[in-house]
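Numbering-wise, my numbering puts 129 at position 92 of the sequence shown, and it's gapless, one number per residue.
Each residue gets a CB set at the ideal place from its N, CA and C atoms; glycine is no exception.
Data block below; observations after.
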Amino acid sequence: MRNAFATAITELGDEYPELVMLAGDIGNRLFDRFKEKYPERFYNCGVAEANMTGVAAGLAASGLKPITYTITPFNTTRCFEQIRVDVCYPDLPVIVVGTGAGLSYASLGATHHSMEDIAILRTLPN
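Next comes the structure, spelled out in structure tokens:
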């Protein structure tokens with residue numbers, strides 16, 4: 038699934054020059070093709086997911102189409118306030134993509150579990 042996502046994003050990059058990828062310190066090898074084709078459109082934001090969401094909102098406000106990508110609980114529950122205030126209230130076109138939903142990363146501990154992400158995000162406007 039991850040490989041198919043990376044391939045699709047790379048293909049969409051041709052069609053949408055405003056598409057930019059922001060990763061939360063994962064997927065670096067996964068997006069190698071995207072980075073080779075569009076080096077100026079890939080940002081590794083490190084382990085700073087809330088900041089990544091704010092950056093994505095700023096890029097969207099300037100006319101770009103950002104996609105954030107990291108482990109699901111870090112991209113949803115950890116960033117809930119930034120998604121609500123920075124993305125949803127101004128109704129900006131930011132796409133939030135999480136990997137490893139549910140108990141996919143169960144062996145890494147409770148911080149990596151994501152059982153409530155969809156329920157929480159459904160409370161947000163726009």
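* Are three or more beta carbon pairs between the stretch 141-149 and the stretch 76-94 nearer than 8 Å? -> The stretch 141-149 and the stretch 76-94 do not touch, with fewer than 3 CB-CB distances between them shorter than 8 Å.
Just to confirm, is the Cβ distance from F79 to I46 under 7 Å?
Here residue 79 is taken as the residue at index 42 of the sequence shown, counted from 1. Here residue 46 is taken as the residue at index 9 of the sequence shown, counted from 1. Against a cut-off of 7 Å, the Cβ pair of I46 and F79 comes out as no contact.
ask   = What did DSSP end up calling L96 once you bin it into helix, strand or coil?
value = The sequence position of residue 96 within the sequence shown is 59, counting from 1. Annotated three-state conformation of L96 is helix, per DSSP.
Residue closest to Y53, alpha-carbon to alpha-carbon, out of F42, K102, E77, D69 = The count along the sequence shown starts at 1 and reaches residue 53 at position 16. Closest by alpha carbon: K102.
TODO: Please report how far the alpha carbon of L67 lies from the alpha carbon of P162, in whole angstroms.
DONE: If you number the sequence shown from 1, residue 67 lands on position 30. If you number the sequence shown from 1, residue 162 lands on position 125. Near 31 Å, if we compare the C-alpha coordinates of P162 and L67.
What span of residues does the alpha helix (DSSP H) with F68 cover, start to end? In the sequence shown, residue 68 corresponds to position 31, counting from 1. Taken as a continuous stretch (DSSP letters only), F68 belongs to no alpha helix (DSSP H), as it is neither H nor E.
Check: Going by DSSP, what residues sit across from G139 in a beta bridge?
Finding: Counting from 1 along the sequence shown, the entry for residue 139 is found at position 102. DSSP, once it has assigned bridges, lists S151 as partnering G139.
inquiry  = Suppose the cutoff is 7 Å on Cβ atoms and the five residues either side in sequence are ignored; what does the same chain contact list for L49 look like?
reply    = Start at 1 with the first residue of the sequence shown, and residue 49 comes out as number 12. So the list reads L56, once near-sequence residues are dropped.
Please state the DSSP three-state secondary structure of T90. The residue given as residue 90 occupies position 53 in the sequence shown. In this structure, T90 counts as helix in the three-state DSSP scheme.
- Query: Quick one: what's got a C-beta closer than 7 Å to N88's C-beta in the same chain, skipping five residues either side?
  - Reply: Here the question's residue 88 lines up with position 51 in the sequence shown. For N88, the CB contacts under 7 Å within the same chain, skipping 5 residues up- and downstream, are C82 in chain order.
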